[in-house]
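Numbering (our numbering), first residue to last: 9 to 907. Using N, Cα and C, we set each Cβ at its ideal position, and we do this for glycine too. To start, the structure under review is shown below, and the notes come after it.
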């Protein structure tokens, strides 16, 4: 009996059909272990020792593998054929060895680049040992990302409250976006004009452009205004032209190589509108296997690669398909061979291609998304082995009789389409101006201007990055690895460092602030060349040419010293540096020569960056005498300044005044309480996307009416409400929250829609309720009181629960392997130490009150007397909270560049 371990259940299902009854194929569901998101997971002072923790959900899968190995003679690790796949196999092997599940068992590693019967069965005949050089490259990368993120992120939290995280690749990708925005802001638009003419030279009319004026060759900005352009236009209309030269040059256009991970993401973005993440998810399904006529088949080769070569058999199969479908003239004399031009390309695997070239897109019935991506891959692969396109480029020069004025026409004719019959690579620019087709024109013929035009143009700044162009730039610079790009770009969006508009990246002020901070104090670590050099060293580790711990020691020595230096700086020093770096953005020139940093309220204070619990804002240096504040990125004229509070009107239902105000945490609307009333004012913050300057009475009353009753749920009659919360717009029913797409939907969502959204949320599991722990095992009932005993996954690790008693699972003990007898002993030991939970009504009330106050905009309060000192034991709470934040930031650790 043989046990085969792969990453995913889909892959396991496909492979299981190719192997006989002597094989049991199990899925690890990716990595079974990871570095815990807490201090000490990587110990530089202990030769970079790494503490791994088995994921709670993976415990059951590990147990399944252990049970299967009891009846097996051989373990076959068949995870993906790259560094990450090698690491997953290593983790499985390490855990099984610790459980002593591999005694006297044979362990082998196999890899295949495609999930087909031939590829899998051939791989089984050629097993090998685990590649420890690849594993060490993984360990070095993982430790590096942990050390950068987990060392740098706490510095950010202390010096720039409200900042979420920093990462080795993430921060450099963010810098690219910010740098491009700075280029755009610094760009000075310049006017220029062109003169075109419709010309006939004894032929059909064709378009020609003025290239010579007053005997001089024109450059782009020679016609810099309308007057000069009209003068040139008049000269064209007055001249008598002759065809001075007709030059025809034959040329070729060769096909692009088959897809790599990066180029697939770029083309899918251009041609299909897919995000990098969406592309990789669809490609994963095509790789792992799709049901084709009742058979599960892997349709493409492994989709994480930077190689552009193809296996010889695939090349010959492609040539056969080209000849049969398009004709022999489309097959080049010899196969095309490609070599990657990307920096740091490893060329470790084949390019992404169909597993069978004869399986053309039209013959398959796939889900629309999978079908479109498969068609793109198939066409690109087939085109890459086709004959070049043959074109003829033509240039026609026309000169006036006096030689003072010259026109030029350019065009091209496709004489043989070659690969263009199947596929043409997408472009980020406007296209080819010289692609127009010209009529037959004879040299020496007289030419007549039929009509001329003078057109105004303005230079444009470089475009913002799209997903395609950002991925391309990162690959060119050698930043990160293509397989991680989707998760890196997702982190930037999730942490609101950037936003997307018209499928382009725009940096948020939070992202600018983090980038400015890192450039000022950690410049070396966000430099493009430095980041690329780290990738090159990691490649040396994987090649066995550099010791991974030596690499880490060299990096950590300088990095740790840099962190120590910034830790000694006062926050005021940091803010002064950021004021200088971000000055043009946060204090824009008013255009009247006045000081842009002068406080508009007191007239004497200087505006400066300040930090609060929820992030940075602009405040006056004369605080507390002057309380002027505004958000980053909001100018004085936007009506969002605290000094610009304005009354929107009176609520017709109550007769009370409704105001638009701005607090420390942003703009909000407020209805004042009646005079003499003890009621608190009604308040509501403006939801994301709502602009303070566009607020009116109608919108304010809608906000103040929340939460609103949607209706009663048909199943139980309980009320469904809609409102705005800390995490955005929602509907609520019986303790279940379901998010709405936007704030406007809160006001018009109907009962049927609300019921459907809630049903989807419950079906999908959703986010567990606060305080709810995931059960890892049900051990049975306590023999004395009959209460259940369970093993739960808690915030600080697994524990055993019985009634009000919680007992920690001993360190190193597999929580899924705990027996009832062991649990009873641990519960008794904990109870003897006074481990039962105390009633927490007061704490809960205090927590609810704190939450209610935190959800409302900040109020100005009178100074209070210092609170009495708390017992020393409670001082640990903030630190614990900080560690929890580090570990649970949107489900990813702050140092996790690779998702």
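Who pairs with residue i in a beta bridge, going by DSSP?
i, result
"residue 454", "250"
"residue 136", "117"
"residue 31", "10"
"residue 221", "224"
"residue 657", "666"
"residue 799", "785 and 808"
"residue 265", "Residue 265 is not bridged to any residue."
"residue 816", "807"
"residue 505", "None, per the DSSP bridge assignment."
"residue 198", "Looking at the DSSP assignment, residue 198 forms no beta bridge with any residue, so it has no partner."
"residue 460", "205"
"residue 466", "199"
Would you identify the three-state DSSP class for residue i, choosing helix, strand or coil?
i, result
"residue 19", "helix"
"residue 936", "No information on residue 936 is available, as it lies outside the stretch 9 to 907 that the chain covers here."
"residue 395", "coil"
"residue 616", "strand"
"residue 858", "At residue 858 the pLDDT is 43, less than 50, meaning the model places this residue with poor confidence; the figure from the coordinates comes in the next sentence. It is helical."
"residue 73", "helix"
"residue 789", "strand"
"residue 846", "With a pLDDT of only 45 at residue 846, under 50, the local geometry of the prediction cannot be trusted, and no value is derived from it."
"residue 96", "helix"
"residue 556", "helix"
"residue 630", "coil"
"residue 676", "strand"
"residue 206", "strand"
"residue 78", "coil"
"residue 229", "coil"
"residue 37", "coil"
"residue 444", "coil"
"residue 274", "helix"
"residue 596", "coil"
"residue 52", "helix"
"residue 258", "strand"
"residue 486", "coil"
"residue 63", "coil"
"residue 671", "strand"
"residue 215", "strand"
"residue 24", "helix"
Return the Cβ separation of residue i and residue j in integer angstroms, given the expectation that the two are a contact with Cβ distance under 8 Å.
i, j, result
"residue 276", "residue 287", "4 Å"
"residue 787", "residue 828", "5 Å"
"residue 245", "residue 457", "6 Å"
"residue 348", "residue 315", "7 Å"
"residue 260", "residue 398", "6 Å"
"residue 195", "residue 596", "No, residue 195 and residue 596 are not in contact; Cβ-Cβ is about 15 Å, not under 8 Å."
"residue 181", "residue 522", "That pair is no contact at about 12 Å."
"residue 346", "residue 395", "Their Cβ separation, rounded to whole angstroms, is 16 Å, which puts residue 346 and residue 395 out of contact at 8 Å."
"residue 484", "residue 490", "Rounded, the Cβ-Cβ distance is 12 Å, inconsistent with contact."
"residue 738", "residue 167", "Going by Cβ atoms, the distance from residue 738 to residue 167 rounds to 33 Å, so no, they are not a contact pair."
"residue 266", "residue 361", "5 Å"
Contiguous alpha helix (DSSP H) assignments of at least 4 residues, all confined to the segment 284-355: Scanning the segment 284-355 from its first residue to its last, the whole alpha helix (DSSP H) runs of 4-plus residues come out as 284-296 and 320-334.
Cβ pair count under 8 Å reaching 3, the segment 462-478 against the segment 182-189: Three or more beta-carbon pairs drawn from the segment 462-478 and the segment 182-189 are found closer than 8 Å, and the two stretches are therefore classed as touching.
Entirely enclosed alpha helix (DSSP H) segments - the segment 685-746, minimum 4 residues: Unbroken alpha helix (DSSP H) stretches of 4 residues or longer found wholly inside the segment 685-746: 705-712, given in chain order.
Segments of 4+ residues assigned as alpha helix (DSSP H) that fall wholly inside the segment 507-547: Runs of the alpha helix (DSSP H) inside the segment 507-547: 517-529.
The segment 537-544 / the segment 204-223 touching (three or more Cβ pairs under 8 Å): Short answer: they don't touch.
Ordered list of alpha helix (DSSP H) runs contained in the segment 353-435, each at least 4 residues: Whole alpha helix (DSSP H) segments, 4+ residues: 376-392.
Cβ pair count under 8 Å reaching 3, the segment 134-143 against the segment 85-95: Verdict: yes, contact present.
Stretch-stretch touch, CB-based, cutoff 8 Å, three pairs: the segment 510-518 with the segment 108-120: No, the segment 510-518 is not in contact with the segment 108-120.
Cβ contact check for the segment 380-390 and the segment 290-308: 3 or more pairs under 8 Å: With the cut-off at 8 Å, the segment 380-390 and the segment 290-308 touch.
The segment 80-89 in contact with the segment 97-107 per 3-pair CB rule at 8 Å: Result yes; three or more Cβ-Cβ pairs closer than 8 Å.
Cβ contact check for the segment 539-548 and the segment 577-586: 3 or more pairs under 8 Å: Contact fails: fewer than three Cβ-Cβ distances are below 8 Å.
Contact between the segment 752-767 and the segment 724-731 (3+ Cβ pairs under 8 Å): The segment 724-731 and the segment 752-767 touch, with three or more beta-carbon pairs separated by less than 8 Å.
Stretch pair the segment 148-167 + the segment 116-134: three plus CB contacts closer than 8 Å: In short, these stretches do not touch, since the Cβ pair count stays below three.
Touch test, the segment 10-28 against the segment 36-47, Cβ-Cβ under 8 Å, three pairs minimum: Counting Cβ pairs under 8 Å, three or more are found: they touch.
Validate contact between the segment 409-428 and the segment 200-218 using beta carbons, cut 8 Å, 3 pairs: Counting C-beta pairs closer than 8 Å gives three or more between the segment 409-428 and the segment 200-218, which meets the contact rule.
Three-pair Cβ contact test at 8 Å for the segment 565-580 versus the segment 620-638: The answer is no - the segment 620-638 does not touch the segment 565-580, with fewer than three Cβ pairs under 8 Å.
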